[in-house]
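Colleague:
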Amino acid sequence: MDPENLPQPAPTPRPAPVVHRRPSPWPWVLVLLVTAGAMFLFWYLLDEDPAHAPLPKAGQAPGQAAKPESAPAIPPPSPSQQGPVVDVTPEPPGETPALPSSEQVQRKEPYGLEKSLDAVVRSDESIKLGKETVPVAELERKLVVEGRKALLDKPLGKGQQITAWGVYAVRPGDNLWKIHYGLLGEYLSHRGHQLPPQADQPTRQGTSSGVGKVLKFAEHMVGVYNLKTGHMSRDLDLLEPGEKVVVFNLTEIFDQLAQIEPQELGGVMYDGRVLLFPKRDKPAAGKP
Numbered sequence: 003m004d005p006e007n008l009p010q011p012a013p014t015p016r017p018a019p020v021v022h023r024r025p026s027p028w029p030w031v032l033v034l035l036v037t038a039g040a041m042f043l044f045w046y047l048l049d050e051d052p053a054h055a056p057l058p059k060a061g062q063a064p065g066q067a068a069k070p071e072s073a074p075a076i077p078p079p080s081p082s083q084q085g086p087v088v089d090v091t092p093e094p095p096g097e098t099p100a101l102p103s104s105e106q107v108q109r110k111e112p113y114g115l116e117k118s119l120d121a122v123v124r125s126d127e128s129i130k131l132g133k134e135t136v137p138v139a140e141l142e143r144k145l146v147v148e149g150r151k152a153l154l155d156k157p158l159g160k161g162q163q164i165t166a167w168g169v170y171a172v173r174p175g176d177n178l179w180k181i182h183y184g185l186l187g188e189y190l191s192h193r194g195h196q197l198p199p200q201a202d203q204p205t206r207q208g209t210s211s212g213v214g215k216v217l218k219f220a221e222h223m224v225g226v227y228n229l230k231t232g233h234m235s236r237d238l239d240l241l242e243p244g245e246k247v248v249v250f251n252l253t254e255i256f257d258q259l260a261q262i263e264p265q266e267l268g269g270v271m272y273d274g275r276v277l278l279f280p281k282r283d284k285p286a287a288g289k290p
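When you line the sequence shown up against the numbering used here, it's residues 3 to 290, in that order.
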């Protein structure tokens, strides 16, 4: 047989070329998205948790949102020309009260106060009651640390922000709520609004009046200091003449009171932490 006529073997098939495909990026993208979402949810819940909320600073009521440092509604008084110690000792019962010094008259005037406080002092001064003298800075520390259970977050020494404080020496028969009411009444009278005698009483529906809510809020800014024990009293209703003074953080209180329109007192709300004021309609264009 002719070799050319012999059947030829079938050609060996070539193997198919190997195609290297890149792995899909979507599984990794999905993992990253899930991880980012979990981290966001974690930090969001941590931020909302009251246990991890920052402690209120001095000048900030419990739960009150921190706000940028700004000039107070009423600046603190100038340094005293009589020295850094202010005597708030009242006259014995039955004696005619002495007239306040011209300096104290000037210090009280911006707040519209006259009789509801014995003295307006600066946070870098001291007060004297009888034989006892205590720095106002110590009163502030006691009020914040012992009263509000918070940290006193402010610089020490030179450069610290000076605040204004009101001091009232406790007398026989005094009532703390009445002291608060007298201060608020004098301030609103200064702004042309006279408080009725029973304005702090509950409404007919049994809810707190606007004045009552403001007074409850002010309790966070007020403390009763016992000069004999050196402690800020938690029992604000127990007043002891000759031993205790009521101290008001005027800078805090009047920064809030300045936002109140006297005719809108009935609409003021208090949530247990901060005062909430009625929203005012913006004046129309061209109107004051």
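Beta carbons: idealized from backbone N, C-alpha and C, even for Gly.
(1) Starting from the N-terminal side, write out each stretch of the beta strand (DSSP E) that is 3 residues or longer and does not extend beyond the segment 75-152.
(2) At the level of alpha carbons, what is the spacing between Phe256 and Gly208?
(3) By Cβ distance, which residues of its chain are closer than 8 Å to Leu229, with the 5 residues on each side in sequence left out?
(4) Rounded to whole angstroms, what is the Cα-Cα separation between Lys281 and Leu252?
(5) If distances are taken between C-alpha atoms only, which option among Leu141, Gly214, Leu277 comes closest to Val224?
(6) Can you find the residues in the same chain that come closer than 8 Å, C-beta to C-beta, to Asp202, ignoring five residues on each side of it along the sequence?
(7) Using CA atoms only, rank isn't needed, just tell me which of Ala75, Gly114, Pro94 is closest to Arg193.
(8) Note down, in chain order, each residue of its chain lying with its Cβ closer than 8 Å to the Cβ of Tyr189, except the 5 sequence neighbours on either side.
(9) Sorted by chain position, which residues of the same chain lie with C-beta nearer than 6 Å to Pro52's C-beta, five sequence neighbours on each side aside?
(10) What distance in whole Å lies between the Cβ atoms of Glu242 and Val172, which are believed to be in contact at a cut-off of 8 Å?
(11) Does DSSP put Pro204 in a helix, a strand or coil?
(12) State the DSSP-derived secondary structure class of Ala171, mapped to helix, strand or coil.
(13) Is DSSP giving Lys246 helix, strand or coil here?
(14) State the Cα-Cα distance for the pair Val169 and Arg124, rounded to the nearest angstrom.
(15) Spatial neighbours of Val270 within its chain, please: CB distance less than 8 Å, with the 5 preceding and 5 following residues excluded, ordered by chain position.
(16) Let me know the secondary structure DSSP gives Gly268 once reduced to three states.
(17) Give me, in chain order, the residues of the same chain whose beta-carbon lies closer than 6 Å to that of Val90; leave out the 5 immediate sequence neighbours on both sides.
(18) Between Leu185 and Ser118, how many whole angstroms is the CB-CB distance? I'm expecting something under 8 Å.
(19) Let's see if you can read the secondary structure: which residues bound the alpha helix (DSSP H) around Gly184?
(20) What residues in its chain sit with their C-beta under 8 Å from that of Gln265, if we drop five residues either side in the sequence?
(21) Determine the burial state of Leu222: buried for a count of at least 16 other Cβ atoms within 10 Å of its Cβ, exposed for fewer.
(22) Would DSSP call His195 helix, strand or coil?
(23) Alpha carbon to alpha carbon, what distance is there between Val147 and Asn177?
(24) Using a 10 Å radius around the Cβ and a threshold of 16 neighbouring Cβ atoms, would you call Glu254 buried or exposed?
(25) Could you spell out where the beta strand (DSSP E) holding Val213 opens and where it closes?
(26) Rounded C-beta distance between Glu93 and Ala100? I'm assuming under 8 Å.
(27) As a quick exercise: from Pro199, Ile76, Val226, Pro174, pick the residue whose alpha carbon is nearest that of Val138.
Modeller: Reading from the atomic positions:
(1) 87-89, 121-124, 128-131, 134-137
(2) 28 Å
(3) Leu131, Gly132, Glu134, Val136, Glu245, Lys246, Val247
(4) 25 Å
(5) Leu141
(6) Trp179, Tyr183, Ser211, Val213, Gly214, Leu217
(7) Gly114
(8) Tyr113, Gly114, Leu115, Phe256, Leu259
(9) Its pLDDT being 39, under 50, Pro52 is placed unreliably in this model, and the value from its coordinates should be taken loosely. So the list is empty, once near-sequence residues are dropped.
(10) 6 Å
(11) coil
(12) strand
(13) strand
(14) 11 Å
(15) Gly212, Lys215, Val216, Ile262, Leu277, Leu278, Phe279, Pro280
(16) helix
(17) Asp120, Ala121, Ile129, Leu131, Val169, Ala171
(18) 4 Å
(19) 178-192
(20) His195
(21) Note that residue 222 is His in the sequence shown here, rather than Leu. So His222 counts as buried.
(22) coil
(23) 24 Å
(24) buried
(25) Unbroken run through Val213 is the alpha helix (DSSP H), 212-220; no beta strand (DSSP E).
(26) 6 Å
(27) Val226
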